[in-house]
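Residue numbers (the numbering used here): 374 to 613.
Here the structure comes first, spelled out in structure tokens, and everything after it is commentary.
Structure (structure tokens):
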């Protein structure tokens, strides 16, 4: 007669109990000095759980009490081949899916007065339109924050030197990385204001500034450098 009753008692025992139904009541108990809650709080207070995050970290299943390390399948650098390939695919699809791009393609082509030719290995050179370039080409524009004292700019004194060509390695980091992106998208020409507008000529500035809206509106693509304080900080970023 005793055995069935013992089994009934054993079956009614639980191995886990709900001590607090909400986090707020648990925290209140910690603040009130509960020994069990304080010990638990001290062991986990450095852990954080996000409901949603794009960053690699830890996750907690709703039915689990153990944190497991995990990482999402995102590239850690915007300079990776997968990221550049995705940019190339987006760029190639623009004519088919973007009505504004289709209208631009069908309208008379425009070209800036000067463009940077980046098709030659380790060098770049300044080209004049239409003297050096017969037909308006596809080109990319760069939008960035200027440096207080840029080291390489177009001047009356170096215009002919720029036309003969110069090493890409001497350019600021953002400019070098913009060339990397443009080449990955199979674009041979790049427009950067500090290298395509004569900086010590008020006449050239006045003339070129009047068509700057057309320069950006007719570019095949614009790189907007939003994460850098200046052109020496670069274009690419790594995930923290």
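Virtual Cβ for every residue (Gly too), placed ideally from N, Cα, C.
Closest to residue i by CA distance: which of the options is it?
{"i": "residue 494", "options": "538, 469 and 519", "result": "538"}
{"i": "residue 553", "options": "454, 399 and 406", "result": "454"}
{"i": "residue 545", "options": "519, 466, 398 and 506", "result": "519"}
{"i": "residue 568", "options": "524, 394, 472 and 508", "result": "524"}
{"i": "residue 504", "options": "579, 452, 527 and 536", "result": "536"}
{"i": "residue 551", "options": "452, 416 and 590", "result": "452"}
Using C-beta distances below 7 Å, list every residue in its chain close to residue i, excluding the 5 sequence neighbours before and after it, in chain order.
{"i": "residue 490", "result": "497, 498, 500, 561 and 562"}
{"i": "residue 555", "result": "491, 513 and 563"}
{"i": "residue 461", "result": "557 and 558"}
{"i": "residue 399", "result": "393 and 410"}
{"i": "residue 403", "result": "410, 411 and 414"}
Buried or exposed for residue i, going by 16 or more other Cβ atoms inside 10 Å?
{"i": "residue 548", "result": "buried"}
{"i": "residue 604", "result": "buried"}
{"i": "residue 579", "result": "exposed"}
{"i": "residue 608", "result": "buried"}
Got a sec? Which residues, its chain only, sit under 8 Å from residue i by beta carbon, not counting five neighbours each side?
{"i": "residue 542", "result": "495 and 549"}
{"i": "residue 510", "result": "484, 488, 561 and 562"}
{"i": "residue 577", "result": "570 and 571"}
Could you check how far apart the C-beta atoms of residue i and residue j are, in whole angstroms? I think they sit under 8 Å.
{"i": "residue 450", "j": "residue 611", "result": "5 Å"}
{"i": "residue 531", "j": "residue 573", "result": "Contact doesn't hold; Cβ gap of about 10 Å is too wide."}
For residue i, I'd like the list of residues in its chain whose CB is within less than 6 Å of its CB, leaving aside the five on either flank, ordered along the chain.
{"i": "residue 600", "result": "610"}
{"i": "residue 457", "result": "557"}
{"i": "residue 587", "result": "483"}
{"i": "residue 471", "result": "none"}
Open item on the list: Under 8 Å: do the segment 581-599 and the segment 499-516 share three or more Cβ pairs, one atom per stretch?
Closed with: yes
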